[in-house]
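In this text, residue positions in the sequence shown follow my numbering: the first is 3, and each later residue adds one. Read the structure below first, then the notes.
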Amino acid sequence: MKLPFVLARRFVAGESLDTALPVVDELLGDGLYVTLDLLGEHVTNRARAEAFTQQYIGLVQRLARNRRGRDANISIKLSMIGQVIDHDFCVANLRRLLKVARETHTFVRLDMEGSDLTQSTLDVFEDVYPDYRDHVGVVLQAYLHRTEEDVKRMCDLQARVRLCKGAYSEPAHLAHQDMEAIREHFRRYMQMLLLHGRYPGIATHDDELINATKAFTTEAAIDANDFEFQMLYGLRAETQRAIVAEGYNMRVYVPYGTEWVPYFARRLRERKENVGFLVKNLFRK
Ligand SMILES: Cc1cc2nc3c(=O)[nH]c(=O)nc-3n(C[C@H](O)[C@H](O)[C@H](O)COP(=O)(O)OP(=O)(O)OC[C@H]3O[C@@H](n4cnc5c(N)ncnc54)[C@H](O)[C@@H]3O)c2cc1C
């Protein structure tokens with residue numbers, strides 16, 4: 003059964019790039035930065051993985067033409083371009099995309115998916131990173147027990163990291179389950195990345211962590227232009243703008259595309275009040 007898009011429109015900018023670009027323009031006009039995400043995951047067919055790679059390339063080119071010099075980049079899922087098919091195939095697809103990203107002076111963030119893909123995501127990243135240091139970055143999830151070592155490694159490489167809590171259901175032997183423990187680790191990695199990493203993205207809607215980041219950067223005299231906050235489209239829009247008004251960088255993650263159901267389900271699982279917005283949207287004319 004195909005669910006109607008009206009369900010998701012609070013969190014997803016549109017089912018096509020044409021409907022998503024006006025949203026991007028509005029956000030850029032309000033002084034926010036943007037990262038565009040073409041929705042989809044777990045592609046097991048080579049032709050489809052190549053088609054998605056081509057779509058990403060088209061997206062980077064279109065963004066470069068449209069963004070009028072302002073800061074818009076893209077986020078991708080490696081599982082859409084061959085990660086679950088073959089390592090070398092995925093690396094080759096990513097290299098095709100990064101070549102265009104370099105030519106158009108943009109940046110590609112490799113989203114992090116479930117723990118079954120963590121190591122292979124970092125392996126693919128390390129394969130391409132030496133050739134594209136300014137054009138590719140990763141995501142690390144504070145809930146995984148392994149993340150401290152990954153944070154250290156990315157600091158050693160001076161790779162750009164987005165830090166988030168983690169959005170997938172993971173077992174206790176791999177990930178912290180308790181929110182306070184996740185926050186504690188997030189704070190620790192945030193500090194490590196700010197002190198020793200390169201332009202980290204602090205991705206959270208959690209006031210405790212946002213305030214901890216502001217306090218830490220003030221105390222450690224870290225310039226507001228040496229990092230950015232990141233939030234998802236459709237969540238805390240006023241807070242996003244308030245943070246920009248305070249002088250910080252804020253990047254909004256803007257998903258679009260027809261394959262929005264898994265992304266949408268993760269947002270609903272995270273917060274009960276998102277279900278309330280869903281019900282309102284459903285009945286709005
Ligand atoms: C830009 C971005 C990129 C991401 N990329 C990835 C990725 O690649 N891989 C991955 O696994 N996960 C990713 N995530 C998701 C992330 O891992 C979390 O699942 C998600 O952000 C929820 O955690 P949180 O810290 O934002 O707040 P939550 O844990 O959902 O909420 C904690 C507290 O924050 C406050 N809060 C949260 N939302 C609101 C709201 N709407 N209004 C008011 N207060 C609120 C409340 O006080 C709440 O109790 C990304 C998140 C962002 C923002």
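Backbone N, C-alpha and C define an ideal beta-carbon position, used for all residues, glycine too. Remember, predicted model here, so these are calculated numbers, not experimental data.
Each residue's CA atom was taken as its position, placing V86 and I59 some 20 Å apart.
Note on geometry: alpha-carbon atoms of Y265 and A222 lie some 36 Å from one another.
Annotation for R164 indicates a beta carbon within 7 Å of some heavy atom of ligand 1. Here V36 is not near V246, since their CB atoms are 8 Å or more apart.
Counting only the Cα atoms, E230 lies some 23 Å from P132. Bounds of any beta strand (DSSP E) do not take in Y58; it lies within the alpha helix (DSSP H) bounded by R48 to N68. L38 is the residue among L38, R189 and Q179 whose C-alpha sits nearest the C-alpha of Y235. Not a single heavy atom of ligand 1 lies less than 7 Å from the C-beta of A74. Residue pairing by DSSP places E230 opposite G203 in a beta bridge. In the DSSP assignment, C166 is bridged to Q143.
For D113, the distance from the CB to the nearest heavy atom of ligand 1 is below 7 Å. The C-beta of M181 has fewer than 16 other C-beta atoms within 10 Å across all chains shown, which makes the residue exposed.
The beta carbon of V45 is closer than 8 Å to those of A51, F54, S81, M82, I83, G84, V86 and I87 in its chain, skipping five residues each way along the sequence.
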